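K.L.:
Below is one structure. I have some questions about it.
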Amino acid sequence: DWTPQSFVEESVADLKEKLGNDRVVLGLSGGVDSSVAAMLLHKAIGENLYCIFVNNGLLRKNEFHDVLDQYKDMGLNVKGVDASARFLDALAGLSDPEEKRKAIGRVFIEVFDDEAHEITDVKWLAQGTIYPDIIESVSATGGPSVTIKSHHNVGGLPDFMKLKIVEPLKALFKDEVRRVGASMDMDKDLLGRHPFPGPGLAIRILGDITAEKVRILQEVDAVFIGNLRKWNLYDSVWQAGAILLPVNSVGVMGDERTYEKCVALRAVESTDGMTADWVNLPYEFLQKTSNEIINKVKGVNRVVYDISSKPPATIEWE
Ligand code: XMP
194 DWTPQSFVEE SVADLKEKLG NDRVVLGLSG GVDSSVAAML LHKAIGENLY
244 CIFVNNGLLR KNEFHDVLDQ YKDMGLNVKG VDASARFLDA LAGLSDPEEK
294 RKAIGRVFIE VFDDEAHEIT DVKWLAQGTI YPDIIESVSA TGGPSVTIKS
344 HHNVGGLPDF MKLKIVEPLK ALFKDEVRRV GASMDMDKDL LGRHPFPGPG
394 LAIRILGDIT AEKVRILQEV DAVFIGNLRK WNLYDSVWQA GAILLPVNSV
444 GVMGDERTYE KCVALRAVES TDGMTADWVN LPYEFLQKTS NEIINKVKGV
494 NRVVYDISSK PPATIEWE
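Residue 194 is where the sequence shown starts when you use UniProt numbering, and the numbers rise one by one after that.
As structure tokens, then:
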């Protein structure tokens with residue numbers, strides 16, 4: 194019988210045997226899969242696991258520091274690399290969603306490769322791949338696309354991709370990954386986190402990206418997600434986030450006309466992201482959240498709620 198405890202015991206034993214005293218590098222994303230993979234490897238090989246957590250500047254508000262602290266509290270040997278400026282530079286002037294994804298994928302590979310080179314004698318690249326990732330990479334669903342493979346095509350492989358690969362979760366489904374994490378006493382909030390796309394807020398800022406737009410969207414998203422938590426709605430939603438629209442609309446403030454940004458809020462129910470229904474959030478929640486966003490976030494004067502399901506509307510707007 195499969196139990197999370199027996200999975201952990203067997204995996205740790207297997208990993209110990211397979212990896213011996215070798216050094217392993219792993220990219221943490223802040224998500225459930227890479228975090229659980231890291232924890233398993235940590236149990237097996239301790240300090241020989243070198244984790245790298247890259248801030249691409251497109252994470253949620255405060256996420257880089259909060260999650261980095263959390264990783265350190267878990268005892269992981271982790272290096273946080275703030276490469277925000279490098280990503281923003283590479284994105285400057287790009288509006289096409291696929292161009293944006295490619296730029297982010299490219300810079301990620303460069304940053305990760307530089308960091309992996311800092312680790313003497315590293316032999317393995319660990320990844321938090323789970324079973325559905327393997328299926329999805331065949332079926333092109335628009336799922337994880339800041340994967341290393343899809344965007345690296347010129348100039349030969351970066352060195353870290355020549356490493357041997359270890360994927361301790363590749364036979365598991367998401368709910369099993371969560372149970373494995375829980376059985377290792379990992380933080381409930383970390384294990385319950387909503388999925389978040391690799392390109393992050395870059396694909397929720399429609400059109401071109403600037404530091405100011407990232408700031409605005411981070412503020413809006415923080416109010417929305419914070420309120421979902423406050424109202425105990427976070428766990429009943431599969432994924433939620435805010436989208437910064439490339440339109441300004443007219444508003445009034447006192448005697449003045451404003452001409453400012455419009456944001457969309459999106460919350461969906463789903464089991465695997467392949468299909469999704471918009472969530473019927475309480476009107477009172479929407480009302481309070483909208484007021485709070487407009488009052489608190491400078492530059493936004495209008496909030497709309499996305500009531501489209503997938504298919505045909507995808508979860509992300511880009
Ligand atoms: P869509 O928008 O295709 O999203 O309905 C399905 C799931 O995939 C996530 N998503 C991405 N994840 N890189 C990622 O790592 C991407 O480029 C990407 N695009 C979409 C999306 O957030 C949802 O969970």
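A virtual CB, placed ideally from N, CA and C, is assigned to each residue, including glycine. A quick note: this is a predicted structure, and the numbers were derived from the prediction, not measured.
(1) Tell me whether residue 195 is buried or exposed, calling it buried when 16 or more other Cβ atoms sit within 10 Å of its Cβ.
(2) Which residue comes first and which comes last in the beta strand (DSSP E) that contains residue 432?
(3) For residue 402 and residue 494, I'd like the C-alpha separation in whole angstroms.
(4) Assess, as a yes-or-no matter, whether the segment 413-421 is touched by the segment 444-453 under the definition of 3 or more beta carbon pairs within less than 8 Å.
(5) How many whole angstroms separate the CB atoms of residue 392 and residue 294, which I take to be in contact at a CB cut-off of 8 Å?
(6) Just the Cα atoms here: how many angstroms apart are residue 461 and residue 473?
(7) In whole angstroms, what separates the C-alpha of residue 510 from that of residue 386?
(8) Would you kindly check if the distance between the Cβ of residue 216 and the Cβ of residue 367 is under 8 Å?
(9) Going by DSSP in three states, residue 412 sits in which element: helix, strand or coil?
(10) By how many angstroms is the C-alpha of residue 499 removed from the C-alpha of residue 309?
(11) Does the Cβ of residue 294 lie closer than 7 Å to at least one heavy atom of the ligand XMP?
(12) Locate the beta strand (DSSP E) running through residue 462, then write down its first and last residues.
(13) Does the pairing of the segment 424-439 with the segment 312-327 give three or more beta-carbon distances under 8 Å?
(14) Roughly how many whole angstroms lie between the Cα atoms of residue 470 and residue 477?
(15) Identify whether residue 241 lies in helix, strand or coil by the three-state DSSP scheme.
(16) Less than 8 Å between the CB atoms is what I'm expecting for residue 268 and residue 235, so what's the real figure, rounded?
(17) Mark residue 208 as exposed unless 16 or more other C-beta atoms lie within 10 angstroms of its C-beta, in which case mark it buried.
(18) Out of 240, 396 and 449, state which residue places its alpha-carbon closest to the alpha-carbon of residue 289.
(19) For residue 410 and residue 394, which I take to be in contact (beta-carbon distance under 8 Å), what is that distance rounded to the nearest angstrom?
(20) What does the Cβ neighbour count give for residue 412, buried or exposed, with the cut at 16 atoms within 10 Å?
(21) Under 7 Å: does the beta carbon of residue 390 sit that close to some heavy atom of the ligand XMP?
(22) Which two residues bound the contiguous beta strand (DSSP E) that contains residue 220?
(23) Looking only at its own chain, which residues have a Cβ that is under 6 Å from the Cβ of residue 351, when we skip the five neighbours before and after it?
(24) Please identify the residue among 467, 218, 299 and 408 whose C-alpha is closest to the C-alpha of residue 505.
(25) Tell me, which residues are paired with residue 319 by DSSP?
(26) What I want to know is whether the C-beta of residue 302 ends up closer than 7 Å to one or more non-hydrogen atoms of the ligand XMP.
(27) By a C-beta neighbour count over all protein chains shown, 10 Å radius and 16 as the cutoff for buried, is residue 442 buried or exposed?
(28) DSSP state of residue 298, grouped into three classes?
P.N.:
Let me lay it out:
(1) exposed
(2) 432-446
(3) 19 Å
(4) no
(5) Yes, residue 392 and residue 294 are in contact; Cβ-Cβ is about 5 Å, under 8 Å.
(6) 9 Å
(7) 20 Å
(8) no
(9) helix
(10) 41 Å
(11) In this structure, residue 294 has its CB closer than 7 Å to one or more heavy atoms of the ligand XMP.
(12) Judged by DSSP secondary structure, residue 462 falls within the beta strand (DSSP E) whose first and last residues are 449-462.
(13) no
(14) 20 Å
(15) helix
(16) 7 Å
(17) Residue 208 should be labelled buried.
(18) 396
(19) 5 Å
(20) Its Cβ being crowded by 16 or more others within 10 Å, residue 412 is buried.
(21) yes
(22) 216-221
(23) 302 and 306
(24) 467
(25) 219 and 359
(26) no
(27) exposed
(28) helix
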